[in-house]
Structure formats: structure tokens, C-alpha cells
């Protein structure tokens, strides 16, 4: 079940990132769904899953991007691992710490990504703070929303079902 | 417990090391298409094409239910026709400008229209540093690397390797590593248009400080790169100032809206490099 969830989340994030949001090439991308998925899985399942999800998601993203395969993989592996370690060490079950984690993970990822690109391309580091900040916040909101859906969704559905059942009993 | 931590650490180091080796191997590669990249691109392009058609399909179903069906279809047809006419207009305009200058010197040669192939944009690029899109035409449709890609608004970019059988990747002109030979249509001042990560996303380099360039001037392809057809629109000059050195600092607003690319045309004319590489002796 866990493997299916991991594969499903990663596949969906990669497909959505390239098919829907990738079309916004004129401006900068405002969200990195693959990174959100990696952080989400790291927080949910721990460092090993976070690391492996980062490797697979990053390499898939690199392959589609057509650049050097491994740069995104390296960045996301590191971020997935660190998020998993921190998630296991600290209590990150409420909304605000999770939001902070998504924002920090985005900054760490973008910094590492830009650093690796700078090393490989032999250029200066190109990291736009405002763009990264926007992406970090959007990533945070998407990630927190994903947690809310996963955690509160079944409960809410159950409540709705039971209220409907009691309503129908009263009526007939 | 310690054993688990150790194993995790070793696994982490192993994965990181493998990827460092992977990156190093690619950086050391001199040129040409990487086999791994070509195979993976072929596979992913199928997935992307499937996802894009699903997204398009569901969007169409939604639209057809809630919009006026006939008007929508008619609008689509008219938009397509308008796009085709704009491309034709570009071609005619380019030919007219060129012929006006050459007529006095040369006998006019009848030029046939450029052969083009329409293509749908099926995916963008998840990496914000690489401005590319994937289109649903590949080598089986006659598409080759370095062919120009245009849209009604002007030049979009060029096909880059690897070219899949049924899909290919287009490097947009606004990519920071893209460039095109260009000239100011009014004064014929030549230069080089390069993409950059800014607003507007194009800059025209190598135009002498002495050249007459004003905001609003049309920038067209010079054809000197052997990729983009001469006379095709690139954009309009937004700002032209004296540069620090010998050249003007010119920013160009592209004619194409790169944020909403859906349909493009591939110019089915192979690139003719200005400098041919000599085979190694």
C-alpha cells in the first residue's frame, strides 16, 4: 500500500508539473509539485522514503527537463532526506511547522539547485530571492493543503455520511 | 537501532555518490545526444502526450457542455485561419521587404513558401531554468534538430536534440542559452538576439552605438544563423540606450506570447550552418 501511495504521488506530481504548470514558461514557475511531493513523503514516511522519493522524482524531472540528469535528483535527494530526518526528530504534525518545513525545503532545494548549476555551467549563482519566496509560499500552501486533505478528508467524509444516514432515519 | 541509522546513512551516501557520478559523466561528455536522455525522452513524451490529450479532452468536454457549441467551434476555426493568415502575412511581408531592396540590383527570383508542419504543444518544462516545450511531432513527421519553430506572432524557437519519433523538444527563443541572428527592420542594423531571465525576456546584442534604433522598431530574423528564416518577426524594441562599450543596450519584447503557446508551426527546412565542421583527420 505504501509503495502504491509513493509511486502514485510521485507520478501524479511529475505528470501535473510538466503537463499543466509547465506551460507557464513565459514567467517563472510558481510551484514545484515534485518537490512538494518529496517533502510530503519525507514527512509522512521518514528519511529513507524521502530520500528515495527525492531521487526518483528529481531524476524524472531532470529527464523531462532535458538538462543534465542528476542535478534535480541530487537536490531533491538531499532535501527529502533532511526533511525525513527532521520529521522523525521533531513533532511536525501541526500546520505551522509543516508550512515552515515546506518553505525551508524549497529554499534549500533552490539554493542547492542553483549552486549545482553554477558549478556545472561555470557561471555565477543565479537565485532570485523574490521568485524563490513566492515558490516557497505556494509550495507550502499546496503541501499543507495536501496534508489536510489526507488527514481530515476521510474524517469529514465519514461525518457527512453519518449525518446523512441520521437525517434519512428521521425522515422515514 | 544504530544499525538502521548506519544503513540509512550508507544508503544516503551511496545514492548521492551515484548521482554525482551521473552528473560528472554528463558534464564530461563533449557533444551529441546522450543515449539515456534520448530513450527517456521518447518514453516520457508518450506519457506527456497522453496526459496532454486527457487534459485537453476534459477541458473540451467541459467547454462544449457549458459554452455555446456552434460559436465555440466557429471561433476555433476562425482563430486557426487567422493564425495561418498571420503566418502567411509574415512570409509575404518578409519577402516584400527583401525584394524591395534587391529589386534594384538583382532579377527577382520567385520563392516558394516555406514548408511548415503544424504541431501541438503537449508539455512545458518543469525546470524553470530551461525554457523549452515539447510538441507532438517528431522524426516520423520529418522533424529534425535545429529546425525553426514559428507561431503567428513570430519566431518561437528551434528544435533541439534528441528528436523523438512522435515528439520533439523546442528550445524557446527566451531561453537564456538561445540566440538568433537579427536585424532592425527599419534601418537594417544587424545584431544578435539572446534570451534572458528578465522582463522583457530578449536582448539584442552586437548593435553598434552608431546605429539608429528606436523603441517600437521591429526586430526580424536576419537568417544569418542558418536556422531561422530571414525576415520573420522576433519582436519590437522596448528600450534602446547607449551601452558601456561599443554596442547599444537594447531590450526586445517578443511578438510571441510564450506563456500561452498551444499550436506552433515547424519550418521543415533543415538548418544550414554558416560554418561547417571539418571532419577530424
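Residue numbers (this note's numbering), protein chains in the order written: chain A, 4 to 175; chain B, 603 to 883.
Using N, Cα and C, we set each Cβ at its ideal position, and we do this for glycine too.
Since the model is a prediction, treat every value here as computed from it, not as a measurement.
Check: Please compile the residues from chain A whose C-beta is within a distance smaller than 7 Å of the C-beta of residue 771 (chain B).; Outcome: 69
Check: Quick one: does residue 721 (chain B) have its CB under 8 Å from some CB of chain A?; Outcome: no
Check: With 16 as the cutoff for other CB atoms within 10 Å, does residue 35 (chain A) come out buried or exposed?; Outcome: buried
Check: Which residues in chain B have a C-beta closer than 7 Å to the C-beta of residue 157 (chain A)? List them in chain order.; Outcome: Under the 7 Å cutoff, chain B gives no residues; its nearest Cβ is about 26 Å from residue 157 (chain A).
Check: Could you tell me which chain A residues have their CB closer than 7 Å to the CB of residue 650 (chain B), listed as they occur along the chain?; Outcome: 21 and 22
Check: Quick one: what's got a C-beta closer than 6 Å to residue 751 (chain B)'s C-beta in the same chain, skipping five residues either side?; Outcome: 758, 759, 772, 866 and 868
Check: Specify the secondary structure class of residue 50 (chain A) as computed by DSSP and reduced to three states.; Outcome: helix
Check: Quick one: grab the DSSP three-state call for residue 773 (chain B).; Outcome: strand
Check: What did DSSP end up calling residue 662 (chain B) once you bin it into helix, strand or coil?; Outcome: helix
Check: Looking only at its chain, what residues have a beta carbon closer than 6 Å to the beta carbon of residue 829 (chain B), apart from the 5 residues adjacent to it on each side?; Outcome: 748, 750, 760 and 873
Check: Once DSSP output is grouped into helix, strand and coil, what is the label at residue 816 (chain B)?; Outcome: coil
Check: Can you have a look at residue 712 (chain B) and say buried or exposed, based on whether 16 or more other CB atoms are within 10 angstroms of its CB?; Outcome: Caution applies to residue 712 (chain B), whose pLDDT of 41 falls short of 50 and renders its modelled position unreliable; the model cannot decide the point.
Check: Report the option in B:745, B:777 and B:794 whose CA atom is closest to the CA atom of residue 850 (chain B).; Outcome: B:794
Check: Could you confirm whether any beta carbon from chain A is found closer than 8 Å to the beta carbon of residue 617 (chain B)?; Outcome: yes
Check: Helix, strand or coil for residue 851 (chain B)? Go by DSSP, reduced to three states.; Outcome: strand
Check: To the nearest angstrom, how far is the alpha carbon of residue 811 (chain B) from that of residue 846 (chain B)?; Outcome: 9 Å
Check: Determine which residues share a DSSP beta bridge with residue 841 (chain B) and list them.; Outcome: B:853
Check: Less than 8 Å between CB atoms is the rule here; does residue 11 (chain A) satisfy it with respect to chain B?; Outcome: no
Check: Just checking: is the beta-carbon of residue 811 (chain B) within a distance shorter than 8 Å of some beta-carbon in chain A?; Outcome: no
Check: Over what stretch of residues does the alpha helix (DSSP H) that includes residue 760 (chain B) continue unbroken?; Outcome: Taken as a continuous stretch (DSSP letters only), residue 760 (chain B) belongs to no alpha helix (DSSP H), being part of the beta strand (DSSP E) at 756-762.
Check: Please report the straight-line C-alpha distance between residue 719 (chain B) and residue 139 (chain A), rounded to a whole angstrom.; Outcome: 40 Å
Check: Is residue 127 (chain A) helix, strand or coil by DSSP?; Outcome: coil
Check: Please confirm whether residue 53 (chain A) and residue 621 (chain B) have their CB atoms less than 8 Å apart.; Outcome: no
Check: Who does residue 805 (chain B) pair with in a DSSP beta bridge?; Outcome: B:796 and B:853
Check: With a threshold of 7 Å (Cβ to nearest heavy atom), would residue 54 (chain A) be considered close to the ligand GTP?; Outcome: With respect to the ligand GTP, the structure shown offers nothing to examine, as it has no ligands at all.
Check: Check distances from the C-beta atoms of the stretch 64-89 of chain A to those of chain B and list, in chain order, the residues that come in under 8 Å.; Outcome: 64, 65, 66, 67, 68, 69, 70, 71, 72, 73, 74, 75, 76, 77, 80, 81 and 84
Check: Just checking my contact of residue 650 (chain B) with residue 737 (chain B) at CB under 8 Å: how many whole Å lie between their CB atoms?; Outcome: Contact flag wrong, Cβ pair sits at about 10 Å.
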